[in-house]
Amino acid sequence: MKKAINSIATLFLLFMTGCSPEKWDVLDPKSSTAETQLSLIHLSIALMSIVLITVTVLFTFFLVKYRKRPGWQTETKNQKPGDKKLEITWTLIPILILVILAVPTVLDTYKLDQETKASDGALVVKVTAHQFWWEFEYPEEGVTASETLHVPVDKKVIIELTSADTIHSFWVPQLGGKQDANPGRKNRLSFTPNETGVYRGSCAELCGRGHAYMRFHVKVETESEFDSWIEGMKQPEQANLTDSEEKGQEIFKNQCLSCHGTQGLDPKVSGSPAPHLGDFASQKRIANVLPNNRENLKKWLNEPQKVKPGAKMPSFKKDFTDEEKDELIDYLMSLKVKEGEK
Amino acid sequence: MGIGAVVFLTYYKKWGSLWSYMKTTHHSKVGILYLSAGFAFFLRAGLDALIIRVQLALPQNEFWVFQGDKYNQMMTTHGTTMIFFVAMPLLIGLMNVAVPLQIGTRDLAFPFLNALSFWLFLAGGALINISFVLGGSPTAGWTSYAPLALDEFTPATGNDYYSLGLQVSGIGTLLTAINFLVTIINKRAPGMKLMRMPMFTWATLVTSILILFAFPALTVALLLLMFDRLYGTSLLAADAGNSLIWQHLFWIFGHPEVYILILPAFGIFSDVITTFAKKRLFGYSSMVIALVLIGFLGFMVWIHHMFTVGLGPTSNAIFAISTMSIAVPTGIKIFNWLFTLRGGVITFNTPMLFSLGFIPSFVIGGITGVMLATVPADYQYHDSYFVVGHFHYVIVGGTVLGIFAGVYYWWPKLFGFMLNDVLGKWHFWTFLIGFHLTFFPMHIMGLKGMPRRVFTYLPEDGLTGLNFTSTIGAFLMGGSMMIFLWNVYQSYRHSPRGVGNDPWEDGRTIEWAIPSPPPEYNFARTPKVYSNDAWWQAKKYQNGRLEAAEKLTSIRMPRDTAKPMLIGLFMLIGSFGVIVEVWYFQLIGLLGTIGLMVLHSFQDSSRKIVTPKTHPDEKIGGEEQ
Ligand code: HEM
Ligand SMILES: [Cu+2]
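In C-alpha cells:
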C-alpha cells in the first residue's frame with residue numbers, strides 16, 4: 001500500500017516537473033542579470049502579499065460578521081458616507097509600498113542598462129533571429145553557430161540582437177530576461193553566467209507559424225572548453241571521411257549548400273538563409289523539435305513542414321533515393337566539432 | 001447554433017418579434033440586442049479557448065489540425081473576439097439597459113445613432129467570423145504587430161478581415177461613446193447632479209470619454225495597416241517604414257481599452273454591493289475621484305507593454321512609475337468596497353456572489369499588474385504565460401464577473417422575471433473554481449519558462465501537469481456556461497412573471513421605481529432627485545414615492561426604422577468588397593450607406609405617444625395624479 005502511494009507520488013512529481021536536469025526556470029537563476037531580476041520578483045511578491053493578505057482578511061471577516069442571518073436584523077443604521085481618516089490611510093499606505101518597490105525598480109533598470117553598454121572585455125555575440133531559428137555570430141572569433149550558443153562561465157556576455165524578418169524576442173529565463181529582436185534595429189542585453197550547464201531559451205514574441213519551436217540552447221562551459229570549441233569551429237572538417245560520408249558530402253554540396261554552411265565547405269560568418277550545420281551532430285534536437293537521431297533526421301528531410309510548421313526548408317522526399325538519404329545522413333552525423341588542440 | 005435559433009424562432013412563432021428587434025431604436029431593446037450578440041460571440045470565442053486548451057493539454061499534442069497557423073488563427077480569433085465582440089458589447093448592452101433608467105430619461109440622446117452603433121458592431125463581428133470560412137482567420141494575435149501582420153509575412157487574407165472588421169465596429173463604438181456622453185451630460189432627471197449619479201452611470205461617463213480619446217488611435221493604426229496590406233504602401237514595414245509606429249498607436253489605444261473594459265464593471269460592483277449590503281457606498285466622492293484618476297492614468301502608461309522593445313532606461317523607468325501609481329486609486333476603490341460591506345446586512349444572492357467573487361480575484365490580477373510594472377522583472381514576465389494569467393485575472397475576474405453580476409441584477413428589470421437563484425449559484429461556483437483552476441497555474445508556467453502564443457511545448461519542459469490542470473479548469477468554465485444557458489431557459493419557462501418594481505426589495509437607484517419591464521417611455525413623469533440613492537431615500541422617508549418633476553403630457557418617442565440595420569449591411573458588403581477587391585461590392589456598399597444617410601436626414605424619425613397612462617405600479621407622483 002505504502003509502496004503504491006509512493007510510486008503514485010513519484011509519478012505525480014514527474015508529471016508535474018518533467019524529468020530533465022536542464023531547466024528554464026526563472027526562479028533558478030544562473031547569472032548576475034537573472035539574479036537581479038529574481039530579487040525584484042521576490043521583493044514585489046513580498047510587498048504584494050501584504051496587500052493580498054490584508055484584503056483577504058478584512059473581506060472574510062466582514063462577510064462572516066455582517067452576513068444576514070435568519071431572524072436577525074434586516075436593516076442597518078450604519079449609513080455613514082465615508083471616513084476621511086480611513087480613506088487617507090488607504091491612500092498613503094499603498095503609496096508607501098509602491099515607493100519601496102519603485103526605488104529598486106528604477107535603480108536596477110539603469111544598472112542593467114549600464115551593463116549592456118560597458119564592453120570591458122566582454123564576449124560580444126551578434127544574434128540574428130530568423131523565422132524560425134537563431135544565428136549566433138562571434139565577430140571577434142570569426143565563427144558562426146546555430147541552435148546552441150556557447151559561452152564561457154564567469155565572463156560577461158553581451159548579446160547584440162537584431163532580426164532578419166519579423167520581431168522576435170530573445171529569452172533565456174535562467175540567464176536573463178528578454179529583449180526584442182527588431183528588424184532594422186539593434187538591441188543589447190548582457191549577463192554573466194555563474195554556473196556551467198545547458199540552459200534552454202526561446203523566442204518570446206509571436207513571429208509566425210513556427211514560433212512555438214523557435215528555441216535554442218545556451219551552453220555555459222569552462223573557459224578552456226569554450227576556447228577549444230571556438231578552435232574546433234574554425235578547423236575545417238577532417239579529411240578522412242568514410243565512403244558513404246563522402247558521397248553524402250557530394251549530395252550536400254549540390255543540394256544543401258545554397259542555404260546551409262558547414263565549416264569545411266562554407267564557414268559563412270554571417271547572413272546565412274538557414275542554420276549553420278558545423279556542429280550539427282552535437283545538437284540535441286533537429287530544428288528544436290525532434291530528438292537528434294538518424295530516424296528523425298530522415299523524417300525531417302522528408303517532411304520539414306510537418307515536423308515544424310512554417311519551416312522554410314523544402315521537402316526532399318522525392319529528390320533522393322533511400323540510399324542517397326542514408327549517405328546524406330551519414331555525412332550530417334559526422335558534422336561534429338573536433339575539439340581544437342589547446 | 002444558427003439552425004437551433006431558426007427552429008426556436010419558428011416553433012415559438014417569434015419571427016415577428018425578431019423583426020421588431022431588427023428595426024428597433026429603443027435603448028432597452030438595443031441593449032438586449034447587444035447582450036444576445038455579445039453572448040453568441042462569447043460562445044464562439046469560448047469554444048476557441050477550449051480548442052486552444054485541448055491542444056495545449058499535453059506536450060507535443062496534435063489535436064485535430066490546431067498546430068502552427070491554425071492554432072494562431074484560433075488564438076487570435078479568441079483574443080480579438082473576446083475583447084472587441086464579447087466584453088465591450090456586453091458592457092455596452094448593460095449600459096443601454098441601465099443608464100437611461102438610472103438617470104431618469106426616456107431614451108438615449110440619439111436613438112437612431114444607438115441602433116446604428118449596434119449594427120456596425122455586428123457587421124464588424126460578422127466580418128471577423130466570415131474570415132474563418134473564407135480564407136482563414138487572422139493569425140497575428142489580437143495585437144497584430146507589424147511587420148508580422150503585413151502581407152510580406154502573412155499573405156493570407158485573415159489580417160485584412162482584422163483591419164476592416166475592427167474599423168467598422170470601432171466606428172460603432174465611437175458613436176456609442178458620443179451618445180452616452182451627451183445623454184449623461186444633458187438628459188439627467190432634474191436634481192440629479194453629477195455627484196448624485198449612480199456609480200454605474202459615472203463609470204459609463206468616464207468610459208465614454210476614454211473611448212472618445214482612445215479609439216481614434218486605433219482607427220489610425222488600422223488605416224495604416226489597411227493601406228500597407230491592400231494598397232501596397234509600406235508605412236509599417238521594417239525597412240521602408242517604421243514598424244514601431246504600430247506598437248505605439250496600438251497601445252495608445254490598447255491600454256485605455258483595458259480600462260474601458262474594467263471601469264463599467266467597477267460601476268456594476270458598486271451598485272450591486274451597496275444594494276445587497278443595504279448600505280450606501282462608502283466614500284462615494286473618493287470612488288468618483290478614483291474612477292476619473294484611473295481613466296486619466298490609463299492614457300499615461302502604454303509603454304509598459306513595450307518594456308522589452310529597447311526604448312531605453314529612462315522611458316522604461318518613467319512608465320514603470322506611472323503604471324504603479326494606478327494601483328493607488330484602484331486600492332482606494334477596493335477598500336471602499338470592503339468598508340461598504342462593514343456594518344451592512346449582507347444577502348448572498350447570485351448578483352452579489354459574482355460581485356464578491358470579484359474582490360479577491362481582481363486583487364490577484366491587480367498585484368500581478370504591479371509586479372509586471374517592475375521593469376527588470378518584466379523582462380522575465382513579458383510575453384510569457386505569466387502575462388496570460390495576469391490579464392485573464394483582470395478581464396475574467398473583473399469584467400466578466402461584472403457582466404454576470406449585472407446580467408443577473410438587471411434581468412428582472414428587463415424581462416419582468418427573475419433568473420433562478422439556485423442555478424445562478426451553481427453557475428457562479430463552477431465558474432469561479434474553473435476560473436482559478438484555469439488561470440492560476442499560468443503564472444507558474446510563465447515563471448517556468450513557457451512563452452506566450454505557442455501551440456506546443458516539449459515533454460521535458462516540466463509544464464505538462466500545469467497545462468493539464470489549466471485545461472481541466474477551462475472545461476469546468478465551459479460547463480458553467482451551460483448551466484447559465486440552462487438557467488435562462490428554465491427561468492424563461494418557469495419563473496413567475498410580474499415581479500414588480502423592486503424585485504430585489506433593496507433597490508437604491510431610481511430604475512427600481514418603475515415597473516419591470518418599464519413601459520416604452522420608462523417614466524411617465526420624470527422624477528425629481530434630491531440625493532444619492534434616491535429610491536432608497538424615497539422608500540424610507542417619502543412613503544415610497546419619488547416626487548414628479550412634471551405633469552403628464554404627451555411624449556415623443558423615436559420611430560422604428562430598418563435603416564440602421566441596412567446601413568450596417570451596406571458597410572458589411574462594402575468592407576467585404578474592399579477585402580476581396582471586387583469593385584462593385586465596394587460601390588454598392590458606399591452608395592447604399594451614403595444614400596441611406598441622406599434619406600435619413602430628410603425624415604422625421606420621431607412619433608408621438610399620446611398622453612401615457614401612469615402605470616398603476618409606478619412609484620412616481622406626489623400631489624397631483
Ligand atoms: C473559458 C475561458 C477562457 C479560457 C480557457 C481562455 C484561454 C486562453 C488561452 C490559453 C490564451 C493564450 C493563448 C496563447 O498564448 O497561445 C488566451 C489568450 C487570450 N484570451 Fe483567453 N481564455 C478565456 C476567456 C477569455 C475572456 C473572457 C477574455 C476577454 C474578455 C479573454 C481574452 C484573451 C485575450 C485578449 C488573449 C490574448 C490573445 C492574443 O495573445 O492575441 N479570454 N486565452
Ligand atoms: Cu521568433
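Chains A and B are the protein sequences, given in the same order. Reminder that position 59 of the first sequence reads as 59 in the working numbering, one-by-one numbering, no gaps. Reminder that position 207 of the second sequence reads as 207 in the working numbering, one-by-one numbering, no gaps. Heads up, the beta-carbon is just placed ideally off N, CA and C, and yes, glycines get one too. None of the values given here were measured: they were computed from a predicted structure.
Notebook entry, point to check: How about B:Arg44: is its Cβ closer than 7 Å to a heavy atom in ligand 1?
Noted result: no
Next item on the list: Would you identify the three-state DSSP class for B:Leu236, choosing helix, strand or coil?
Entry: coil
Item checked: 8 Å Cβ cutoff, A:Ile159 in contact with chain B -> no
Note to self: Just to confirm before moving on: does the CB-CB distance between B:Gln247 and B:Met306 stay below 8 Å?
What the structure shows: yes
Next item on the list: Could you tell me whether any non-hydrogen atom of ligand 2 is closer than 7 Å to the CB of A:Cys256?
Entry: Outside the cutoff, so no.
Notebook entry, point to check: Going by Cα to Cα distance, which pick from B:Leu58, B:Thr10, B:Phe112 and B:Leu91 is closest to B:Pro658?
Noted result: Chain B is shown only over 1 to 625; residue 658 of chain B falls outside these bounds and no answer can be derived.
Next item on the list: Determine the burial state of B:Lys613: buried for a count of at least 16 other Cβ atoms within 10 Å of its Cβ, exposed for fewer.
Entry: exposed
Check: When DSSP labels each residue in this structure, what does B:Tyr530 get in the three-state scheme?
Finding: coil
Note to self: Any residue with its Cβ nearer than 5 Å to a heavy atom of ligand 2 should be included. What is that list in chain order?
What the structure shows: A:His168, A:Cys203, A:Cys207 and A:Met214
Next item on the list: Measure the Cβ-Cβ separation of B:Tyr231 and B:Ile579 and say whether it is below 8 Å.
Entry: no
Notebook entry, point to check: In its own chain, which residues sit with a C-beta less than 6 Å from the C-beta of B:Arg188, not counting the 5 before and 5 after it?
Noted result: Ile103
Margin query: I want to check one thing, is the minimum distance from the CB of B:Gly627 to the heavy atoms of ligand 1 below 7 Å?
Written below: This structure gives no information on residue 627 of chain B, because the portion of chain B shown stretches from 1 to 625.
Checklist line | Where the alpha helix (DSSP H) containing B:Val86 begins and where it ends | finding: It is not in any alpha helix (DSSP H) - B:Val86 carries neither H nor E in the DSSP assignment.
Next item on the list: Run the CB neighbour count on B:Arg497, radius 10 Å, all protein chains shown included, and call it buried at 16 or more, exposed below.
Entry: exposed
Check: According to DSSP, is A:Glu343 helix, strand or coil?
Finding: As displayed, chain A neither begins before 1 nor continues past 342, which places residue 343 of chain A out of reach and without an answer.
Next item on the list: Below 8 Å on the Cβ atoms is my guess for B:Ala548 versus B:Ile620; work out the distance and round it to an integer in Å.
Entry: 5 Å
Next item on the list: Can you tell me which of the three DSSP states B:Phe110 falls into?
Entry: coil
Margin query: Looking at the secondary structure, which residues open and close the alpha helix (DSSP H) in which B:Ile303 lies?
Written below: Segment: none, B:Ile303 is in no alpha helix (DSSP H) and carries neither H nor E.
Check: In or out: B:Gly568 buried (at least 16 other Cβ within 10 Å) or exposed?
Finding: buried
Check: For the putative contact between B:Tyr34 and B:Ile92, defined by C-beta atoms under 8 Å, what is the C-beta separation to the nearest angstrom?
Finding: 5 Å
Notebook entry, point to check: Run through DSSP, which three-state label would B:Asp383 get?
Noted result: coil
Item checked: Closer than 7 Å: B:Val394 CB and nearest ligand 1 heavy atom -> No, the Cβ of B:Val394 stays beyond 7 Å of every heavy atom of ligand 1.
Margin query: Check whether the region 60-73 of chain B and the region 372-388 of chain B touch, using three or more Cβ-Cβ pairs below 8 Å as the test.
Written below: no
Check: Could you give the residue range of the beta strand (DSSP E) that holds B:Ser606?
Finding: Ser606 to Ile609
Notebook entry, point to check: For B:Ala511, which of helix, strand or coil comes out of DSSP?
Noted result: Looking at the sequence shown, residue 511 of chain B is not Ala but Glu. B:Glu511: helix per DSSP, three-state reduction.
Next item on the list: Indicate whether at least one CB of chain B lies closer than 8 Å to the CB of A:Met233.
Entry: no
Note to self: Given this structure, state the Cα-to-Cα distance separating A:Leu63 from B:Ser355, to the nearest angstrom.
What the structure shows: The alpha-carbon atoms of A:Leu63 and B:Ser355 are separated by roughly 13 Å.
Check: Where does A:Glu223 sit, in a helix, a strand or coil, going by DSSP?
Finding: helix
Next item on the list: Could you check the C-alpha separation between B:Leu566 and B:Leu47 for me, to the nearest Å?
Entry: 30 Å
Check: What's the call for B:Arg53, buried or exposed, on a 16-neighbour Cβ count within 10 Å?
Finding: buried
Item checked: Contacts of A:Asp108 in chain B (Cβ-Cβ under 9 Å) -> Thr374, Val375, Pro376 and Ala377
Check: Along chain B, which residues have their Cβ under 8 Å away from the Cβ of A:Cys203?
Finding: Pro451
Check: Under 7 Å from any heavy atom of ligand 1, does the C-beta of B:Ala149 make it?
Finding: no
Item checked: B:Leu447: contacting residues in chain A (beta-carbon distance under 9 Å) -> Within chain A, the residues placing a beta-carbon under 9 Å from that of B:Leu447 are Asp25, Val26, Leu27, Ile41 and Pro173, ordered along the chain.
Margin query: Let me confirm a value: B:Met450 is counted as buried when at least 16 other C-beta atoms fall within 10 Å, else exposed. Which label applies?
Written below: It counts as buried.
Item checked: Neighbour list for A:Gln179 in chain B, Cβ cutoff strictly below 8 Å -> Thr308, Gly310 and Tyr379
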